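Working notes for the structure below.
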Amino acid sequence: MSRLRSLRPALGAAASGLALGALCHPALASALAALLGEAPRRALSLPHLGALALNHLALAAAGLALTAGLGVGLGILATREAAAPWRGGIDGLAAAAQAVPPVVVVALALPVLGFGGPPTLLALVFYGLMPVLRGTASAIEAVPPEAREAARALGLTRGQVLARVEIPLAAPGIVEALRTALVLAVATAAVGALAGASTLGTPVVAGLQNQNMVPMLQGTAGTASLAFLCDAAMLAAAALVRR
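For the sequence shown, UniProt numbering assigns the number 1 to the initial residue and increments by one for each residue that follows.
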């Protein structure tokens, strides 16, 4: 019973994701467009939407991997005594990166990185770095000092204290930070369509160009569905880590 209770938020998010995913069906999207006063037009097929969703998810996962490596690393560095003078600069750099809108990052990166995934990945890293960095630093700083002192009393080095005590105890907080970053990555990856990346943002852009609401609804619902499903997966992972 306790396990089911801990997984209840994940199940709720998964149900929301599945409900939104159902709206991607051509018949339902066309019906919704008709309810909104739009004459039903050609919808995207489910296989095409599935391929876009897989590309979208792969791009978001790659962005999360880069963000996690950089954000967790900087978060750990920010909590070390030797890096205390640099804490403000590290935090300010992450905040400045997130302050730049993803569309601007993609536009500025296009001449250097070209079209497709690379400029989108850069935008994902910029946008997700701050929550991972701050979440990691806060989680490590919340580790009870008694745990560190006990580990040092046993003869563990600073590196061993970090690996065996601090990171395991901070794991739930780090997973929560990665959960936020993943949802941001899924939402932001849709912007990659402006750079030519094949994502669920592609039908939204095409729908705007062709004044066709149906693919716009399919792309929007698909992106929201992926975000909820990824959130559900991370909620389940966080619940398991806490146990």
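In this text, a Cβ means the ideal position worked out from N, Cα and C, and glycines have one as well. This structure is a prediction, so every number in the text was calculated from the model and none was measured.
Nearest to residue i (by Cα), restricted to the options the options
i           : options              : result
residue 42  : 117, 216 and 106     : 216
residue 196 : 116, 75 and 66       : 116
residue 201 : 181, 226 and 177     : 226
residue 174 : 69, 50, 15 and 223   : 69
residue 17  : 222, 242 and 237     : 222
residue 188 : 31, 63 and 89        : 63
residue 103 : 191, 231 and 73      : 191
residue 49  : 91, 78, 26 and 157   : 26
residue 198 : 163, 39, 125 and 121 : 121
residue 73  : 135, 186 and 54      : 135
residue 180 : 109, 108 and 237     : 237
residue 166 : 157, 156, 54 and 143 : 143
Residue i, DSSP secondary structure in three states
i           : result
residue 125 : helix
residue 217 : helix
residue 117 : helix
residue 295 : A query on residue 295 cannot be resolved here, the shown segment of the chain reaching from 1 to 243 and no further.
residue 132 : helix
residue 7   : coil
residue 160 : helix
residue 211 : coil
residue 45  : coil
residue 99  : helix
residue 39  : coil
residue 198 : coil
residue 79  : coil
residue 94  : helix
residue 153 : helix
residue 171 : helix
residue 23  : coil
residue 60  : helix
residue 165 : helix
residue 105 : helix
residue 191 : helix
residue 143 : coil
Supposed contact pair residue j and residue i - C-beta distance, whole angstroms, cut 8 Å
i           : j           : result
residue 9   : residue 235 : 5 Å
residue 140 : residue 97  : About 21 Å separates the two Cβ atoms, so there is no contact after all.
residue 133 : residue 193 : The Cβ separation is near 28 Å, so there is no contact.
residue 13  : residue 232 : 4 Å
residue 228 : residue 20  : 6 Å
residue 129 : residue 71  : 5 Å
residue 213 : residue 36  : 7 Å
Between the CA atoms of residue j and residue i - distance to the nearest angstrom
i           : j           : result
residue 118 : residue 152 : 44 Å
residue 148 : residue 138 : 16 Å
residue 176 : residue 24  : 29 Å
residue 105 : residue 219 : 22 Å
residue 100 : residue 127 : 8 Å
residue 56  : residue 67  : 16 Å
residue 78  : residue 33  : 50 Å
residue 131 : residue 29  : 34 Å
residue 204 : residue 61  : 21 Å
residue 168 : residue 183 : 23 Å
residue 242 : residue 7   : 11 Å
residue 186 : residue 82  : 35 Å
residue 31  : residue 40  : 7 Å
residue 51  : residue 22  : 16 Å
residue 88  : residue 124 : 22 Å
residue 211 : residue 38  : 10 Å
residue 154 : residue 86  : 30 Å
residue 206 : residue 172 : 40 Å
residue 164 : residue 75  : 17 Å
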